[in-house]
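Heads up: the protein sequence lines correspond to chains A and B, in order. Sequential numbering from 0 applies to the first sequence in numbering that gives the first Met the number 0. Sequential numbering from 0 applies to the second sequence in numbering that gives the first Met the number 0. Cβ atoms here follow ideal geometry from the backbone N, Cα and C, with glycine treated the same way.
2 protein chains.
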Amino acid sequence: MKNMKVVDFAAQTASAEPVPGGGSIAAVSGALGAALAEMVANLTIGKKKYVEVECDMKAVSKKAAELRDRLLDDIQRDSDSFNDVMIAMKLPKNTDEEKKLRTEKMQAGLKIAATVPYEIACDAFEIMPLAEEVVNEGNKSAVTDGLVSAMMSRTAVLSALLNTKINLASIKDEDFVSRLNKKVKELENKVKEYEEKILNKSPY
Amino acid sequence: MKNMKVVDFAAQTASAEPVPGGGSIAAVSGALGAALAEMVANLTIGKKKYVEVECDMKAVSKKAAELRDRLLDDIQRDSDSFNDVMIAMKLPKNTDEEKKLRTEKMQAGLKIAATVPYEIACDAFEIMPLAEEVVNEGNKSAVTDGLVSAMMSRTAVLSALLNTKINLASIKDEDFVSRLNKKVKELENKVKEYEEKILNKSPY
């Protein structure tokens, strides 16, 4: 999916095909958030005025590039994460045994469909400290790009977590649901606070 | 730019080239927000269960498709909006007359560079009522996609407005600055409230 043209990716999203949906869009949002943090770091490296933060910015650029790559792959990963559920839905349900097997496969698939977007949210959350660093220490003429990075990453995290929650709603394993729900809530709160903290650094 | 592959667009963003920057990313975010509202409408149209909202959903789909197209073109438009400033910066500044002309051209260019992202923010804001409508009335199994649409659009609006503000900071025409600043603040507040209102409708 990352090899589609931007215009075609948007058209495919808009169509009545279920994928790419909100989870894949979350991954795109994260990839572009990472790219912007990377850009600000790259616009800082090699500038005399910012020689003191040269090392930090090189580390940010490297880490952001890794996250960008990972999140670009996550676009496809999210779309694939519902595959097992789709396969299970097509299983026969004529006998009690068939019904039982189908339910088991569905439940296993739903756990994957809930876990993958949670992992994507975790990937996207890793951008926040990078966005913070470029806003605080990076090239001042690109500070707004660092702020946009933080907003894209926040939206990526919250959007991916919505996909976790919609799948959790159909999972019957209460322990699994309550464990993951707790993590989701924690990450939601953390990313909202983190974004606010970074946006408060805006000079505009 | 909309004809670049997603992966190449992200790589170009990450590079030390100043464009695409936060303003173009804002436009992408808006285009994908529009695409998601359109998708939810398209997943609602033709379904017996939602026959009562068929007309509304067709209108949402049409309007969202228009906004998607417009925002995809805005990716390039934002990157081009700083062109006049770049050209003016290269003008000679040896004599007082040359300096005066250069400043005039710079100031005129900055007004364009502040106005274009404001217009992009207005385009992206138009998605909010569409996102609200699909969250309230659209196919319930895609409600999270409507919520992601609202978040992508909010981020698009706020990100584009940051680009307006960074350019306003260099404009000397106080009337222009105060007029546009007032509009920017109003739109910022409106989009934050609107997003909160839509996210509060989340069943998750």
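| query | result |
| --- | --- |
| Nearest CA to the CA of B:R67: which residue from B:A149, B:V142, B:K164, B:I126? | B:I126 |
| By the 7 Å beta-carbon criterion, what residues does the stretch 23-43 of chain A contribute toward chain B? | I24, A25, V27, S28, A30, L31, A34, L35, E37, M38, N41, L42 |
| Compare the C-beta of B:G108 against all C-beta atoms of chain A and say whether one is closer than 8 Å. | no |
| Considering only DSSP beta bridges, list what B:K4 is partnered with. | A:K4 |
| What in chain A is Cβ-close to B:M150, meaning under 7 Å? | T154, L157, S158 |
| Tell me, please, whether the stretch 37-49 of chain B touches the stretch 22-31 of chain A by the rule of three or more beta-carbon pairs shorter than 8 Å. | no |
| I need the straight-line Cα distance from B:E65 to B:D73, nearest angstrom please. | 12 Å |
| Using a Cβ-Cβ distance under 8 Å, would B:S177 count as near chain A? | no |
| Rounded to whole angstroms, what is the Cα-Cα separation between A:V39 and A:N138? | 7 Å |
| For B:L198 and B:V133, what's the separation of their Cα atoms in angstroms? | 12 Å |
| Three or more beta-carbon pairs under 8 Å between the stretch 109-127 of chain A and the stretch 163-178 of chain A, yes or no? | yes |
| How far does the alpha helix (DSSP H) with A:I74 in it reach, from first residue to last? | 53-79 |
| Using the C-alpha atoms, what's the distance from A:V84 back to B:V18? | 41 Å |
| What is the residue span of the alpha helix (DSSP H) that B:V133 lies within? | 126-136 |
| Taking A:T114 as the query, report the chain B residues whose CB atoms sit under 9 Å from its CB, ordered along the chain. | Within chain B, no residue comes near A:T114; the closest Cβ sits about 16 Å away, beyond 9 Å. |
| Rounded to the nearest angstrom, what separates A:F81 and A:G108 at their Cα positions? | 7 Å |
| Is the beta carbon of B:V6 closer than 8 Å to that of A:L71? | yes |
| Given this structure, state the Cα-to-Cα distance separating A:E194 from A:L90, to the nearest angstrom. | 44 Å |
| Counting C-beta neighbours from all protein chains within 10 Å, is the total for A:T143 16 or more, i.e. buried, or is it exposed? | buried |
| How would you list, in chain order, the residues of chain B whose beta-carbon sits under 8 Å from the beta-carbon of A:N2? | K4, V5, V6 |
| Are any of the Cβ atoms in chain A nearer than 8 Å to that of B:I165? | yes |
| Which bits of chain B does A:N162 rub up against, with CB to CB less than 7 Å? | T143 |
| What residue from A:L146, A:V183, A:F175 has the CA that sits closest to A:T163's CA? | A:V183 |
| Tell me the residue span of the alpha helix (DSSP H) that contains A:V18. | First-last for A:V18: undefined, no H or E at that position. |
| Could you tell me whether the Cβ of A:V147 comes closer than 8 Å to any Cβ of chain B? | yes |
| Is A:L71 close to chain B, meaning its C-beta is less than 8 Å from at least one C-beta of that chain? | yes |
| Sorted by chain position, which residues of the same chain lie with C-beta nearer than 6 Å to B:V176's C-beta, five sequence neighbours on each side aside? | L167, I170 |
| Taking B:T94 as part of the alpha helix (DSSP H), name the residues at either end of that continuous run. | Careful: B:T94 lies outside any alpha helix (DSSP H) and carries neither H nor E. |
| Would you identify the three-state DSSP class for A:A155, choosing helix, strand or coil? | helix |
| Looking at B:Y203: is its Cβ nearer than 8 Å to the Cβ of A:I165? | yes |
| Can you tell me which of A:N41, A:E16, A:S23, A:T12 puts its alpha carbon nearest to the alpha carbon of A:V156? | A:S23 |
| Out of A:N135, A:K191, A:A120, A:M105, point me to the one whose CA is closest to A:S158's CA. | A:A120 |
| Taking only the alpha-carbon atoms, compute the straight-line gap between A:E16 and B:L42 and give it to the nearest angstrom. | 8 Å |
| If you follow the alpha helix (DSSP H) that A:L186 is in, where does it begin and where does it stop? | 173-198 |
| Apart from the five residues on each side of it in sequence, which residues of its chain come closer than 7 Å, Cβ to Cβ, to B:E136? | V52, D55 |
| Can you tell me the Cα-Cα spacing of B:Q11 and A:M0, whole angstroms? | 18 Å |
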